[in-house]
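> Please read through the structure below; I'll follow up with questions.
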Amino acid sequence: MAMITADIIVIGAGIAGASVASILSKSKEVIILEMEDQPGYHTTGRSAALFTVNYGSDAVQALTKASKNFFMQPPNGFSQVPLLTERGIIHLARVDQLKQLEIFEKSNSTLKRLSQDDLVVLIPYLNTDHIIAGLSEPDASDIDVAALHQGYLKQAAHNGAKLFCNQEVKSLRYENKMWFLESGKESYQAPIVVNAAGAWADEIAMLAGIKPVGLQALKRTAAVVKFDKPINPDMCFLNDIDENWYCKPEGSNLFLSPEDEIPSPACDAWADDMDVAMAIDQIANILNIEPIKVEASWAGLRVFSPDRDFVIGYDSAENGFFWLAGQGGYGIQTAPAVASIASSLILGENISIELKKIGVSVSIFSPARFSKSAYPHLQV
Numbered sequence: 006m007a008m009i010t011a012d013i014i015v016i017g018a019g020i021a022g023a024s025v026a027s028i029l030s031k032s033k034e035v036i037i038l039e040m041e042d043q044p045g046y047h048t049t050g051r052s053a054a055l056f057t058v059n060y061g062s063d064a065v066q067a068l069t070k071a072s073k074n075f076f077m078q079p080p081n082g083f084s085q086v087p088l089l090t091e092r093g094i095i096h097l098a099r100v101d102q103l104k105q106l107e108i109f110e111k112s113n114s115t116l117k118r119l120s121q122d123d124l125v126v127l128i129p130y131l132n133t134d135h136i137i138a139g140l141s142e143p144d145a146s147d148i149d150v151a152a153l154h155q156g157y158l159k160q161a162a163h164n165g166a167k168l169f170c171n172q173e174v175k176s177l178r179y180e181n182k183m184w185f186l187e188s189g190k191e192s193y194q195a196p197i198v199v200n201a202a203g204a205w206a207d208e209i210a211m212l213a214g215i216k217p218v219g220l221q222a223l224k225r226t227a228a229v230v231k232f233d234k235p236i237n238p239d240m241c242f243l244n245d246i247d248e249n250w251y252c253k254p255e256g257s258n259l260f261l262s263p264e265d266e267i268p269s270p271a272c273d274a275w276a277d278d279m280d281v282a283m284a285i286d287q288i289a290n291i292l293n294i295e296p297i298k299v300e301a302s303w304a305g306l307r308v309f310s311p312d313r314d315f316v317i318g319y320d321s322a323e324n325g326f327f328w329l330a331g332q333g334g335y336g337i338q339t340a341p342a343v344a345s346i347a348s349s350l351i352l353g354e355n356i357s358i359e360l361k362k363i364g365v366s367v368s369i370f371s372p373a374r375f376s377k378s379a380y381p382h383l384q385v
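Given below as structure tokens:
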């Protein structure tokens, strides 16, 4: 079995691995290893795909803001279709949720308060016995995840990166400043390994003899459901202010979720019928509609670090092992900024001035926050 060599090996071809490979491959020989028969099978391809700057921690919101220009004006030839399409979000509240609505409103100056009368105009079937107020977030947009992901993969391939599918990493060892990887089918080596393995990132670390950071995969359920009344395809994304459910149009149907977070091992996640039924029941009551048929249902794994911020950076040991994990439910909308940060750190460069201006600091995401600083030489 001949050894396949590169400057950098990226483990995982989801949005994290594909995006960072698209930048690294401009100046380095890059190999991307994907354990499935196609990239993005587990989480990237199962995302609700919404771009909103009011979602996540302060650090995540900074990354989202830093990513917006890329979504609005991607590189020439990156995608034949727009990456963003106007959608808007309406955050809804019952009487007992008004305090939470007010807290959210005060923390986000871009939000507009909506009365019950306003809501009835925007959401024709709204059950006014349940919902009394809302907040409008008009700048939120749908993300074309397939176009974004394929754009990164195409860009990486154009730069010379090589993608190998059906290559589950079975072993990693570090010897003489070189990583040696075995998949059971092929052998690979490179001085740098990027761990973008999603829910399997801690397992990859343990294979490499690296201490895991304590990632937790949380299952989120989703479904596409046909209801008894026509759904306006231009209706806003509707979100419960306490994040107990959300829905948005999917053609003439509704794409919906109970916004569950069920601890799960790394696996091919699947939807539980009871979780789907719970979401349908909540949304049917809110919108005064009756379900006819579940057209499709699935689940994806959202992976979080112990403090729920991303893990981006070299392991504290000087061994060329780079973490790119723990993106939770924010990996799609932050992909451009995360790829920029990760590629800069991998290549030993400072992050861009633009990222610094918007409040992004690598120390927030470094795996060293679970131990000691890995970046004493970088200005952050």
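Just so you know, we're using our numbering here: the sequence shown kicks off at 6 and counts up by one. Just so you know, even glycine gets a beta-carbon here, dropped at the ideal spot from N, CA and C. Here the structure is a predicted model, which means the values were calculated and not measured.
Distance check for serine 84 and leucine 153, CA to CA, integer angstroms please.
Sequence index remark: in the sequence shown, residue 153 carries index 148 (1-based). Sequence index remark: in the sequence shown, residue 84 carries index 79 (1-based). Near 7 Å, if we compare the C-alpha coordinates of serine 84 and leucine 153.
> Mapping DSSP to helix, strand and coil, what is glutamine 160?
Start at 1 with the first residue of the sequence shown, and residue 160 comes out as number 155. Reduced to three states, the DSSP call for glutamine 160 is helix.
> Using only alpha-carbon positions, find the residue among Phe109, Leu89, Pro87 that is nearest to histidine 96.
One-based indexing of the sequence shown puts residue 96 at position 91. Among Phe109, Leu89, Pro87, the Cα nearest to that of histidine 96 belongs to Phe109.
> Would you mind reading off the limits of the alpha helix (DSSP H) that contains lysine 231?
Taking the sequence shown and counting its residues from 1, the one referred to as residue 231 is at position 226. Looking at the DSSP string, lysine 231 is not in any alpha helix (DSSP H); the run it does join, the beta strand (DSSP E), is 221-232.
> Indicate, with yes or no, if the ligand ATP has a heavy atom lying under 7 Å from the CB of threonine 69.
You won't find the ligand ATP in this model; it holds no ligand whatsoever.
> By DSSP, does glutamine 172 sit in helix, in strand, or in coil?
Residue mapping note: residue 172 aligns to position 167 of the sequence shown, counting from 1. Glutamine 172 falls in the coil class under three-state DSSP.
> Who are the near neighbours of alanine 64 in its chain, counting only those whose CB is closer than 6 Å to its CB and skipping five residues on each side?
In the sequence shown, residue 64 corresponds to position 59, counting from 1. Excluding residues within five positions, the ones whose Cβ falls inside 6 Å are Asp314, Ile369.
> At a cut of 8 Å, does the region 256-270 reach the region 220-227 through at least three beta carbon pairs?
Yes: at least three Cβ pairs fall under 8 Å.
> To the nearest whole angstrom, what separates the beta carbons of valine 218 and isoleucine 16, a pair I think is in contact under 8 Å?
One-based indexing of the sequence shown puts residue 218 at position 213. One-based indexing of the sequence shown puts residue 16 at position 11. That belief does not hold up - the Cβ atoms of valine 218 and isoleucine 16 are roughly 15 Å apart, past 8 Å.
> Which stretch, first to last residue, makes up the alpha helix (DSSP H) that contains asparagine 74?
Taking the first residue of the sequence shown as position 1, residue 74 is located at position 69. Run containing asparagine 74: 63-77, per the alpha helix (DSSP H) assignment.
> Quick check on asparagine 132: buried or exposed, where buried means 16 or more other Cβ atoms within 10 Å of its Cβ?
Working through the sequence shown from its first residue, we reach residue 132 at position 127. Exposed, because fewer than 16 other Cβ atoms sit within 10 Å of the Cβ of asparagine 132.
> Just to confirm my understanding: we take isoleucine 236, look at its own chain, exclude 5 residues before and 5 after, and list those with CB closer than 7 Å. What are they?
For the purposes of this step, residue 236 is taken as residue 231 along the sequence shown, with counting starting at 1. Same-chain partners within the cutoff: Pro254, Ser257, Asn258, Leu259.
> Within 10 angstroms of its Cβ, does glutamine 332 collect 16 or more other Cβ (buried), or is it exposed?
Taking the first residue of the sequence shown as 1, we reach residue 332 at position 327. By the neighbour-count rule (16 or more Cβ atoms within 10 Å), glutamine 332 is buried.
> By DSSP, does proline 263 sit in helix, in strand, or in coil?
Here the question's residue 263 lines up with position 258 in the sequence shown. Coil, per DSSP.
> When burial is assigned at 16 or more other CB atoms within 10 Å of the CB, is glutamine 78 buried or exposed?
Counting from one through the sequence shown, the residue named residue 78 turns up at place 73. With fewer than 16 Cβ atoms within 10 Å of its Cβ, glutamine 78 is classed as exposed.
> Using only alpha-carbon positions, find the residue among Asp312, Leu89, Gly214 that is nearest to alanine 151.
The sequence position of residue 151 within the sequence shown is 146, counting from 1. Residue Leu89 is the option with its Cα nearest to alanine 151.
> Excluding the five sequence neighbours on either side, which residues of its own chain have a C-beta within less than 7 Å of the C-beta of glycine 388, listed in chain order?
Outside the shown range of the chain, which is 6 to 385, sits residue 388, and nothing can be said about it.
> Note down the Cα distance separating alanine 11 from glutamine 160, rounded to an integer number of angstroms.
In the sequence shown, the residue the question calls residue 11 occupies position 6. In the sequence shown, the residue the question calls residue 160 occupies position 155. When rounded, the distance between both Cα atoms is 18 Å.
> How long is the line joining the alpha carbons of lysine 33 and tyrosine 130, rounded to whole angstroms?
If you number the sequence shown from 1, residue 33 lands on position 28. If you number the sequence shown from 1, residue 130 lands on position 125. So the alpha carbons of these two residues sit roughly 55 Å apart.
> Out of Gln172, Asp149, Asp147, Pro80, state which residue places its alpha-carbon closest to the alpha-carbon of proline 44.
The residue labelled residue 44 in the question sits at position 39 within the sequence shown. The option with the nearest alpha carbon to proline 44 is Gln172.
> What span of residues does the alpha helix (DSSP H) with valine 281 cover, start to end?
Within the sequence shown, the letter at position 276 stands for residue 281. Per DSSP, valine 281 belongs to the alpha helix (DSSP H) from 278-292.
> I believe isoleucine 28 touches serine 321 by the beta-carbon criterion, under 8 Å. Please report the beta-carbon distance rounded to the nearest angstrom.
For the purposes of this step, residue 28 is identified with residue 23 of the sequence shown, where counting begins at 1. For the purposes of this step, residue 321 is identified with residue 316 of the sequence shown, where counting begins at 1. That pair is no contact at about 24 Å.
> Report, in whole angstroms, the separation of the C-beta atoms of leucine 350 and alanine 201, which I expect to be a contact under 8 Å.
The count along the sequence shown starts at 1 and reaches residue 350 at position 345. The count along the sequence shown starts at 1 and reaches residue 201 at position 196. Their Cβ separation, rounded to whole angstroms, is 13 Å, which puts leucine 350 and alanine 201 out of contact at 8 Å.
> Just to confirm, are isoleucine 246 and leucine 55 a CB contact at a threshold of 8 Å?
Here residue 246 refers to the residue found at position 241 when the sequence shown is read from its first residue. Here residue 55 refers to the residue found at position 50 when the sequence shown is read from its first residue. Not closer than 8 Å, so no.
> Assuming contact is defined by CB atoms lying nearer than 8 Å, are isoleucine 36 and phenylalanine 169 in contact in what I supplied?
For the purposes of this step, residue 36 is taken as the residue at position 31 of the sequence shown. For the purposes of this step, residue 169 is taken as the residue at position 164 of the sequence shown. Closer than 8 Å, so yes.
> Is the beta carbon of serine 62 sitting closer than 8 Å to the one on glycine 165?
Position 57 of the sequence shown, counted from the first residue, corresponds to residue 62. Position 160 of the sequence shown, counted from the first residue, corresponds to residue 165. No.
> Where does alanine 18 land, buried or exposed, given buried means 16+ other C-beta within 10 angstroms?
Translated into positions along the sequence shown, residue 18 becomes position 13. So alanine 18 counts as buried.
> Indicate the three-state DSSP secondary structure (helix, strand or coil) for proline 44 in the structure shown.
What you label residue 44 is simply residue 39 of the sequence shown in a count that begins at 1. Reduced to three states, the DSSP call for proline 44 is coil.
> With DSSP run on the structure shown, which of helix, strand or coil describes alanine 210?
On the sequence shown, residue 210 is found 205 positions in, with the first residue counted as 1. In the structure shown, alanine 210 sits in a helix (DSSP, three-state: H, G or I).
> Sorted by chain position, which residues of the same chain lie with C-beta nearer than 8 Å to valine 308's C-beta, five sequence neighbours on each side aside?
To locate residue 308, count along the sequence shown from 1; it is residue 303. Same-chain partners within the cutoff: Thr48, Gly203, Ala204, Ala206, Leu220, Gln221, Ala222, Leu223, Ala330, Gly331, Gln332, Gly333.
> What is the DSSP secondary structure of valine 385, counted as helix, strand or coil?
By one-based count along the sequence shown, residue 385 stands at place 380. Any reading at valine 385 needs caution, since the residue's pLDDT is 34, under 50, leaving its predicted position unreliable; the model's value is listed next. Reduced to three states, the DSSP call for valine 385 is coil.
> Any idea what DSSP makes of tyrosine 380, helix, strand or coil?
Position 375 of the sequence shown, counted from the start, is the residue given in the question as residue 380. Because tyrosine 380 carries a pLDDT of 41, less than 50, the predicted location of this residue cannot be relied on, and the following value inherits that uncertainty. Here tyrosine 380 sits in coil by DSSP.
> If we ignore side chains and look at the alpha-carbon of each, how far apart do valine 343 and lysine 361 end up?
For the purposes of this step, residue 343 is identified with residue 338 of the sequence shown, where counting begins at 1. For the purposes of this step, residue 361 is identified with residue 356 of the sequence shown, where counting begins at 1. Near 13 Å, if we compare the C-alpha coordinates of lysine 361 and valine 343.
> Count the other C-beta atoms from every protein chain shown that fall within 10 angstroms of the C-beta of valine 58, then say buried if there are 16 or more, exposed otherwise.
As a working note, residue 58 is residue 53 in the sequence shown. Looking at its Cβ environment, which holds 16 or more other Cβ atoms inside 10 Å, valine 58 is buried.
> Over the uninterrupted beta strand (DSSP E) stretch that includes glycine 139, give me the two end residues.
Translated into positions along the sequence shown, residue 139 becomes position 134. Unbroken beta strand (DSSP E) run through glycine 139: 138-142.
> Among residues of its own chain, excluding the 5 on either side of leucine 68, which ones have a beta-carbon nearer than 7 Å to its beta-carbon?
Start at 1 with the first residue of the sequence shown, and residue 68 comes out as number 63. Closer than 7 Å at Cβ, skipping near neighbours: Thr339, Ala342, Val343, Val365.
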